[in-house]
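Undergrad: Using our numbering, the final residue of the sequence shown is 1105, and nothing's skipped along the way.
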Amino acid sequence: MSRLEKNISQPVKWDAVVLTCTNKKWTRTLQQELEFAYAKGYFGKDVIHLVVEDPKSHVGSGGATLNALVTVVEYMSAKRGFTAINADVLQGARILILHTGRRYTYEACSRPFVALPAVRENTDYDGLIYNFDLIYSIISLKLGVFSGPGVWVCSTDMVLSVPNFPDLERAFEDCDVCAVTIPMAPKLLKDHGVYKLDPKGYITDILYQPDTTMLDQCLRHDNTVPAVVGIVYLSERVSETLLSFYSKPPLDACTYMGVDSGQPELKLSLFFDVLLAMTSEVSEEDFVRGQRSGPFGKPLPQVSKNSRFNMEYARQMLWNELHGFRIKACVLENGSFNYLTHTATEHKKLLLNFPETNGVGFTWTSRAHLYMEPTCSVSDESVVINSILSGDVTVGVRTSISHSELCGQIKVGKDSLISGLNVDCQKTKLKGIDLPDSVVVQGFNVHIKSLEMSYYVYTVHGRFDDIKAPSWKSKGTFCNQPWLLLLDRTGIIREELWDSDMADDKQTILTAKLFPVFHMTECVGLKEVLWLIGTLHDDKDRTILKRWRASWRLSLSDILDHVDLSAEFAWKRKLFFKIGEQHLKRTLETQSHEGFCNLHNSASVEGYTESVLQMLDKVASETKSPGIAARTMANIADVLGGMAKGQGGLRSGPAGNVAWKKAFTYLEADDFSHGVSALAKEREKWMSRPDLLIRAARHYEGAAQILIRQAVMTAKQFFTTGEGTLPRMNKWVQADCPARIDVSGGWSDTPPITYEHGGAVTMVGLLINGKRPIGAKARRIPECILRLTVINENASDTNVECHTLADLEDYCQPHAPGSLLKAAIICVDLVDIHSSVSLTQQLKDNFGCGFEVQSWSNLPHGSGMGTSSILAGAVLAAILTAAGKSFDTTGLIHAVLYLEQLLTTGGGWQDQIGGLVGGIRLGLSEAKLPLKVDVVDLQVSKDYIHRFNDHLVLIYTGKTRLARNLLQDVVRNWYARNPHIVNTEDALVKLAQECANGFIDGDLECVGKCVGRYWEMKKRMAPGCESMTIATIMTVLKPYMYGMCSAGAGGGGFIYGIMKEPRCHEFIKEILYRQEGLEAVVYDACVDESGLTISIEE
8 MSRLEKNISQ
18 PVKWDAVVLT
28 CTNKKWTRTL
38 QQELEFAYAK
48 GYFGKDVIHL
58 VVEDPKSHVG
68 SGGATLNALV
78 TVVEYMSAKR
88 GFTAINADVL
98 QGARILILHT
108 GRRYTYEACS
118 RPFVALPAVR
128 ENTDYDGLIY
138 NFDLIYSIIS
148 LKLGVFSGPG
158 VWVCSTDMVL
168 SVPNFPDLER
178 AFEDCDVCAV
188 TIPMAPKLLK
198 DHGVYKLDPK
208 GYITDILYQP
218 DTTMLDQCLR
228 HDNTVPAVVG
238 IVYLSERVSE
248 TLLSFYSKPP
258 LDACTYMGVD
268 SGQPELKLSL
278 FFDVLLAMTS
288 EVSEEDFVRG
298 QRSGPFGKPL
308 PQVSKNSRFN
318 MEYARQMLWN
328 ELHGFRIKAC
338 VLENGSFNYL
348 THTATEHKKL
358 LLNFPETNGV
368 GFTWTSRAHL
378 YMEPTCSVSD
388 ESVVINSILS
398 GDVTVGVRTS
408 ISHSELCGQI
418 KVGKDSLISG
428 LNVDCQKTKL
438 KGIDLPDSVV
448 VQGFNVHIKS
458 LEMSYYVYTV
468 HGRFDDIKAP
478 SWKSKGTFCN
488 QPWLLLLDRT
498 GIIREELWDS
508 DMADDKQTIL
518 TAKLFPVFHM
528 TECVGLKEVL
538 WLIGTLHDDK
548 DRTILKRWRA
558 SWRLSLSDIL
568 DHVDLSAEFA
578 WKRKLFFKIG
588 EQHLKRTLET
598 QSHEGFCNLH
608 NSASVEGYTE
618 SVLQMLDKVA
628 SETKSPGIAA
638 RTMANIADVL
648 GGMAKGQGGL
658 RSGPAGNVAW
668 KKAFTYLEAD
678 DFSHGVSALA
688 KEREKWMSRP
698 DLLIRAARHY
708 EGAAQILIRQ
718 AVMTAKQFFT
728 TGEGTLPRMN
738 KWVQADCPAR
748 IDVSGGWSDT
758 PPITYEHGGA
768 VTMVGLLING
778 KRPIGAKARR
788 IPECILRLTV
798 INENASDTNV
808 ECHTLADLED
818 YCQPHAPGSL
828 LKAAIICVDL
838 VDIHSSVSLT
848 QQLKDNFGCG
858 FEVQSWSNLP
868 HGSGMGTSSI
878 LAGAVLAAIL
888 TAAGKSFDTT
898 GLIHAVLYLE
908 QLLTTGGGWQ
918 DQIGGLVGGI
928 RLGLSEAKLP
938 LKVDVVDLQV
948 SKDYIHRFND
958 HLVLIYTGKT
968 RLARNLLQDV
978 VRNWYARNPH
988 IVNTEDALVK
998 LAQECANGFI
1008 DGDLECVGKC
1018 VGRYWEMKKR
1028 MAPGCESMTI
1038 ATIMTVLKPY
1048 MYGMCSAGAG
1058 GGGFIYGIMK
1068 EPRCHEFIKE
1078 ILYRQEGLEA
1088 VVYDACVDES
1098 GLTISIEE
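The following block contains the structure:
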C-alpha cells in the first residue's frame, strides 16, 4: 500500500489558501466565494483564506506569486503576534497559492470557475464543482500528501487529471523545488512549455514553444516529453528566499510594498524568470543578459536602456539567490493535461469528454445539477451543468449547456455550446426558438461604470470561428460562415462593427461591436442574436437592423472586460438553489429516497434559506398526504438547524411551547394550509439567534410528529368490530399475552419508515419463566363510571376513577396516571370525548353500566420486549370483550397502532404482532398509506421450535432502555435520507426475509448469524444503543454464540443470543456471575405458540 493509500483520508492541512486576482474589481466577490468554501468546511478549520490582487496589472505569474507570498506571510505574522513580517512563520507551514489568470471567453468568471460535469459525494454541503475545486482537491489529496511543508503554486488555466494512486513516494526527495509535469506526445506541445530532464529527474532547462530539434532533446525513453502544467512545490528554504525579495529592489516592484514605495513596474514569470534560474544547462550569461534573458526564456526584445538595466539587475539578483537550489520534476505518469484555450471546439470537447480524476470526492456525470421537465429531451451524448429545462426543450447530440434556464419551445442543435442563457419564450413573445448546429450562444452580466448599471447581454459566434482571426482573411468567419454573408444578409456595414482607425488585423469577432446592450425605448438582446445567427428574419422595413443600429453595442472583448462578477456568481447560485428546490419538491411529492441536508446547510451559508423555506411551506400546505406533510416539516427543521450552524444546543428537546399551540391545533384538525401558515408566522419570531433556531427546529419536528400520528392513524380503517356476547355484570374478562423478541428487521416497522420505505420484521413470541408476562382484565360494573388500575409489580398500584369527560382529557399525556387505559377506551369508541353528552350519560345510554379495567406487566420497565404495545393490545382485547364486541387479531394489531398515536408514544407494529399472534412470524408492510400490516405464519415445525428453545438464552442487563431516546435521532436521519440509514433499511428488510427462510429451513446457525448481523445494523441505525454493559456481556459470551442482539431498540433492557450448544443456560449464568460489576440475570424463555388468550370469569 502506497503512502497515499494510507493517508487518503487525511488530506493536507493547509495553513493558508490564497487566490490571486488580476482584476481588482473582482477581489471582493472572489473573497466571498472563498468565504463560502471555508464556511462549508472545504478548506478545513482555522485556515487563512485570502484573495490577493496583483499590485499592478502586468506583474506576471512570478510577480503575482511573490506578492501573494508576502501578503499571506504578513497575515500569518500578525496572527502569531509579530509586529513585522517574520519568515519564521514559514517553518512547518503549508501554503497553497492559486492564480486566477486572465479572462476567458467561455466562462465569465474566468478559468478557475469553469463548472465541471461532477457532483459532490456524501458531504454536509453541496455546490457546483469548479476547476478551482478540482485543482485544490488534487493538490490536497494526491500530490501535497507526499511533500513536506512549503508553498504550492498552481495555475488554474488548465484542467488536470491524475491517476488514482500516483507513485510519488520519492518524487520530493533531494530537491528544493519540485515542478509537476505530465508526459505527452511531442506533437501536442509545440505551443506549450516543456521541461528537459536529466536521467535522475532533475530539470536542466525549461523551453517554450520549442521547435522539433528542441523537442527531440527533451524526449524521454518512451518518446514523450514532460509538459509544463503550471504546478510547482517550493520548499521552506526557497519560500524564505522568495519572501526576502519584498525588501530587495528592484524585485520588490512585484509586491504591493514595492508599488507603495514607488518602484517602477517589473514583470516576472514564475517559470522563465524564477525557476529557470535554478536549471543546470542555462548559463548565467544567457540568463541575465543573453539568449535566455527575455520573456518565455527567449532573447530580450528591444526595450529602453533603463528597462534593460532594470531587468538585467533583477535577473542577476534572481540568479545569485536561486541558482544554488535544485529543481526536480514530479512526473505524473498516466495523467492528462488540457489547457483552456480560446477555442470553442476545444472547450466543448473538454466538457463532453472530461478527463476524470477519481478519489477526490466527486462523482463525474453528464447531468450535473439539472432540473428537466418530462416534456424536455437531451441527447445522451450531451452535457448539462447547473441548468433548468422546462416546456418543450430539445437538445441535440454533443452539445454542452451550462448555467442556463430555458423555458418554452426551444430547439438547441447539435455540437453547440450554450452558457449563461436565461430564455423564456413567453416573455420574449417568440413562439419558438431554434438555435442551429455548431453555435456558441452565451449570456453575460456586464457592469457599465459610466452608467453605474449592470446589463444582461447575449453573444453569439460559431463553434468553428477563430475569434482572433481578422475578418478579411479566408479563415475569418462569423457563425461558421464568411463575414460577407453576414453583412449581405443583415445590411450591417463594416464601419458599424469596427472603428475606422482600427487596423485590419485587429478586426475580429473579439473586437466587433455586434452585441446590443440597451436601447432607449425597446428591449434588445435575444431577437438580435437570433437575427445575427440567421434563424430570425428581418421584415421588409428592416426593423431589427434599425433597432440594432440604435442600440448601444459592445464587442465580445468589451463584454469580457466589463463582466459583473458578483452578478455572474449570483446567477449561478440562484440557478443552483432553484434546481435544488425543484428536486426537493419533486422528491417530497413522489416520496423518493433522496436527502437534502447538504442543500439546506448550503442555503444557510449562501443566504438562500428564505427561498427554500417558502418552497417547503408551499409543499406542506398544498399536499393532502400527512406523510408528505410530515417529511416536509422535518426538512424545515433541518433548514433551521442548518441556520444555527452548530450552535444553539441539541436538536432533540421539548416542543410544547404555547406560542406554537395554535399552529399545532390546526394540524391536529387536518387543516394543513392554516397550520403551515401559522407555523411560518411563528417561525419568523425565532430566527434571530442560534438557540431560538434550534428551539424552532424542535417544534417543527413536533409538527412532524403530529402528522406522523395522523399518517399512522390511517391504519384504523383496518380495524372493525362486530356484535359479540356481553359478559355478565362484575365478571372479569382477562387477556394474557407473551412478550416478544425481534430477530431481524426491526426499525423497518417504525413510522414514518414503515410507510415510506416498507417494513419486514421476523419476531418470536416468548413465555418468560413459563408465563405470559403481559395482561389486562376488564369487567362491567353497575356504577356509570370508569375505574382504572395500573398494577405495578414493585410499587404501589395506580388507581384512577373517571366521573367526567374532563377526567379523560389527559389520555394523550403518556406519563399521566392511567393514560394507556384512557386512550384505549377512546380508541375503541367506548366513549366520545368530544361529545356534549356527559360521561355518565354516555355509559348509561350505550351500555347501562360502567367499566373497571386493570393492566399489568411482569417485565422490568424498558425491557425492550415490546411491553407497551403488547399491553395496549391486551387492554383493547379485554375492554372490547367486556363491552360485548367481537374483533379479529389482525384488526387488533392495527388498533394498537392507532392507540399509540392517540397516546403520542409512537411506535411500530412488530411488538403487537409478536405478543398478540405469538409463535414465529414475519410481519410485512408496504411503502404506502393507509398503513396496513400483514402477518405471515412461517409454519415452523414443532421439532425446530424445541431446538430453538434449547439454544435461546434471554438475559436482562439490569439497565433500563428508553426507545424514545433513540427514536428521535433515527427518524431525523431517515427524514434527511442519510445514505447509511437508507442502505441499512434496505438491508434490514432483506435480512428479515433471510432470517425467516432460516426458520423455515430449520437452520439454527443461519438464524443465529442473522441475529448477529441484525445487531450490527441496529448499531448503524442508532449509534449509542450499545451500552458498556451490553458490550461487556456480548464480548464474554461471543465464543459460545452464533449471534447475539439487544431486544428492541437497544441501550438496555434484555438481550438474547442463539447458543451454539443446547441447554447451556447454567453455563452462561456462571460466566456472567464471574464478571465483576455486572447485574445481568438469565431468564427462562421459550416460544409461545398461542399469542393472545382471553378468558372470562365464570
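Beta carbons are placed, not taken as given, at the ideal position from N, Cα and C, and that holds for glycine.
Return the CA-CA distance between His330 and Pro362, expressed in angstroms with no decimal places.
TA: The residue given as residue 330 occupies position 323 in the sequence shown. The residue given as residue 362 occupies position 355 in the sequence shown. Whole-angstrom Cα-Cα distance: 36 Å.
Undergrad: Run through DSSP, which three-state label would Phe525 get?
TA: Position 518 of the sequence shown, counted from the start, is the residue given in the question as residue 525. Phe525: strand per DSSP, three-state reduction.
Undergrad: Using C-beta distances below 6 Å, list every residue in its chain close to Thr1113, excluding the 5 sequence neighbours before and after it, in chain order.
TA: As displayed, the chain neither begins before 8 nor continues past 1105, which places residue 1113 out of reach and without an answer.
Undergrad: Do the region 890 to 901 and the region 947 to 959 touch if we need at least three Cβ pairs shorter than 8 Å?
TA: Short answer: they don't touch.
Undergrad: Per DSSP, which one or two residues make a beta bridge with Arg787?
TA: Within the sequence shown, numbered from 1, the residue matching residue 787 stands at position 780. Per DSSP, Phe858.
Undergrad: What are the residues that DSSP puts in a beta bridge with Asn853?
TA: Looking up residue 853 in the sequence shown gives position 846. According to DSSP, Asn853 bridges with nothing at all.
Undergrad: Report the residue from Pro62, Lys475, Phe278 whose alpha carbon sits nearest the alpha carbon of Gly269.
TA: Taking the sequence shown and counting its residues from 1, one reaches residue 269 at position 262. Checked all of Pro62, Lys475, Phe278; the closest Cα to Gly269 is Pro62.
Undergrad: Please name the residue in Leu595, Thr550, Pro302 whose C-alpha comes closest to that of Ser628.
TA: Start at 1 with the first residue of the sequence shown, and residue 628 comes out as number 621. It is Leu595.
Undergrad: Identify whether Ile213 lies in helix, strand or coil by the three-state DSSP scheme.
TA: Here residue 213 refers to the residue found at position 206 of the sequence shown. In the structure shown, Ile213 sits in a strand (DSSP, three-state: E or B).
Undergrad: Would the region 303 to 311 and the region 122 to 137 be scored as touching if the rule is three or more Cβ pairs under 8 Å?
TA: No, because fewer than three Cβ pairs between the region 303 to 311 and the region 122 to 137 fall closer than 8 Å, the two stretches do not touch.
Undergrad: Does DSSP classify Cys432 as helix, strand or coil?
TA: As a working mapping, residue 432 is identified with position 425 in the sequence shown. Cys432: helix per DSSP, three-state reduction.
Undergrad: Nearest to Asn776 by CA position, among Pro758, Val1088, Val448, is which residue?
TA: Working through the sequence shown from its first residue, we reach residue 776 at position 769. Among Pro758, Val1088, Val448, the Cα nearest to that of Asn776 is on Val1088.
Undergrad: Reducing DSSP to helix, strand and coil, say where Thr34 ends up.
TA: For the purposes of this step, residue 34 is identified with residue 27 of the sequence shown, where counting begins at 1. Correct three-state label for Thr34: helix.
Undergrad: Where do the ends of the alpha helix (DSSP H) carrying Leu1085 lie?
TA: Start at 1 with the first residue of the sequence shown, and residue 1085 comes out as number 1078. Unbroken run through Leu1085: none, as it is neither H nor E.
Undergrad: Cβ atoms of Leu563 and Phe522: under 9 Å apart, would you say?
TA: Counting from one through the sequence shown, the residue named residue 522 turns up at place 515. Counting from one through the sequence shown, the residue named residue 563 turns up at place 556. Yes, the Cβ-Cβ distance between Phe522 and Leu563 is below 9 Å.
Undergrad: Below 8 Å on the Cβ atoms is my contact criterion, and I expect Asp423 with Leu582 to pass it. Report the Cβ-Cβ distance as a whole number of Å.
TA: Indexing the sequence shown from 1 puts residue 423 at position 416. Indexing the sequence shown from 1 puts residue 582 at position 575. Per the sequence shown, the amino acid found at residue 423 is Ser instead of Asp. Contact doesn't hold; Cβ gap of about 19 Å is too wide.
Undergrad: Contact check, His468 vs Ile516 under 8 Å by CB: the rounded distance?
TA: Translated into positions along the sequence shown, residue 468 becomes position 461. Translated into positions along the sequence shown, residue 516 becomes position 509. Correct: roughly 5 Å between the Cβ atoms.
Undergrad: Starting from Ser373, follow its DSSP beta bridges and name the residues at the other end.
TA: Translated into positions along the sequence shown, residue 373 becomes position 366. For Ser373, which the question treats as bridged, DSSP gives no partner whatsoever.
Undergrad: Among the residues of its own chain, which have a CB less than 6 Å from the CB of Leu105, if the five just before and after it don't count?
TA: Here residue 105 corresponds to residue number 98 of the sequence shown, with the count starting at 1. Here the set comprises Leu26, Cys161, Thr163.
Undergrad: Given a threshold of 16 other Cβ atoms within 10 Å of its Cβ, counted over all protein chains shown, does Arg696 qualify as buried or as exposed?
TA: In the sequence shown, counting from the first residue as 1, residue 696 sits at position 689. Counting Cβ neighbours within 10 Å, Arg696 comes out exposed, since fewer than 16 surround it.
Undergrad: With C-beta atoms as the reference, is Trp693 less than 9 Å away from Ala703?
TA: The residue you call residue 693 lines up with position 686 of the sequence shown. The residue you call residue 703 lines up with position 696 of the sequence shown. Taking 9 Å as the Cβ cut-off, Trp693 and Ala703 qualify as a contacting pair.
Undergrad: To which residues does DSSP link Phe50 through a beta bridge?
TA: By one-based count along the sequence shown, residue 50 stands at place 43. Answer by DSSP bridge pairing: none, since Phe50 is not bridged.
Undergrad: Spatial neighbours of Ala999 within its chain, please: CB distance less than 6 Å, with the 5 preceding and 5 following residues excluded, ordered by chain position.
TA: Translated into the one-based positions of the sequence shown, residue 999 becomes position 992. Around Ala999: Ser751, Gly752, Ala767, Val768, Thr769.
Undergrad: With burial defined as no fewer than 16 other Cβ atoms inside 10 Å of the residue's Cβ, what is the status of Glu1104: buried or exposed?
TA: For the purposes of this step, residue 1104 is taken as residue 1097 along the sequence shown, with counting starting at 1. Glu1104 comes out exposed.
Undergrad: How many angstroms separate the CA atom of Gly99 from the CA atom of Trp21?
TA: Numbered from its first residue, the sequence shown carries residue 99 at position 92. Numbered from its first residue, the sequence shown carries residue 21 at position 14. Cα to Cα, Gly99 sits roughly 10 Å from Trp21.
Undergrad: Write down every uninterrupted run of the beta strand (DSSP E) in the region 1035 to 1104 whose length is 3 residues or greater and which is fully enclosed by it, in chain order.
TA: Those beta strand (DSSP E) runs which fall completely within the region 1035 to 1104 and span 3+ residues are 1048 to 1053, 1061 to 1066, 1088 to 1090, 1092 to 1094, 1100 to 1103.
Undergrad: Quick one, are the C-beta atoms of Ala192 and Val232 less than 9 Å apart?
TA: Counting from 1 along the sequence shown, the entry for residue 192 is found at position 185. Counting from 1 along the sequence shown, the entry for residue 232 is found at position 225. Yes, they are a contact pair.
Undergrad: Beta carbon of Ala890, beta carbon of Glu907: below 9 Å?
TA: Mapped onto the sequence shown, residue 890 falls at position 883. Mapped onto the sequence shown, residue 907 falls at position 900. The answer is no: Cβ separation not under 9 Å.
Undergrad: Relative to the alpha-carbon of Thr350, which residue among Tyr963, Leu307, Ala476, Asn317 has its alpha-carbon at the smallest distance?
TA: For the purposes of this step, residue 350 is identified with residue 343 of the sequence shown, where counting begins at 1. The option with the nearest alpha carbon to Thr350 is Ala476.
Undergrad: Where do the N-terminal and C-terminal ends of the beta strand (DSSP E) with Ile102 fall, by residue?
TA: Numbered from its first residue, the sequence shown carries residue 102 at position 95. Unbroken beta strand (DSSP E) run through Ile102: 101 to 106.
Undergrad: Throw me the rounded Cβ distance for the Ile1078 and Gly1015 pair, which I believe falls under 8 Å.
TA: Reading the sequence shown from its first residue, position 1071 is the one you call residue 1078. Reading the sequence shown from its first residue, position 1008 is the one you call residue 1015. So it is not a contact: roughly 18 Å between Cβ atoms.
Undergrad: Please give the ranges of any alpha helix (DSSP H) in the region 628 to 685, keeping only runs that are unbroken, at least 4 residues long and fully inside the region.
TA: List check, alpha helix (DSSP H) in window: 633 to 650, 668 to 675.
Undergrad: In the DSSP output, which residue or residues are listed as bridge partners for Gly873?
TA: The residue you call residue 873 lines up with position 866 of the sequence shown. Paired residue(s): none; Gly873 is not in a bridge.
Undergrad: Below 7 Å CB to CB, which residues in the same chain sit around Gly1027 once its five sequence neighbours on both sides are set aside?
TA: Counted from its first residue, the sequence shown places residue 1027 at position 1020. Correcting the residue type first, residue 1027 is Arg in the shown sequence and not Gly. Cβ neighbours of Arg1027 beyond the five flanking positions: His987, Thr991.
Undergrad: Quick one: Cα of Glu613 to Cα of Leu572, how far?
TA: Taking the sequence shown and counting its residues from 1, the one referred to as residue 613 is at position 606. Taking the sequence shown and counting its residues from 1, the one referred to as residue 572 is at position 565. Using only the alpha carbons, I get a separation of about 16 Å.
Undergrad: Could you round the C-beta distance between Met324 and Val184 to whole angstroms and report it? I think they count as a contact, below 8 Å.
TA: Here residue 324 is taken as the residue at index 317 of the sequence shown, counted from 1. Here residue 184 is taken as the residue at index 177 of the sequence shown, counted from 1. Not confirmed; about 18 Å, so no contact.
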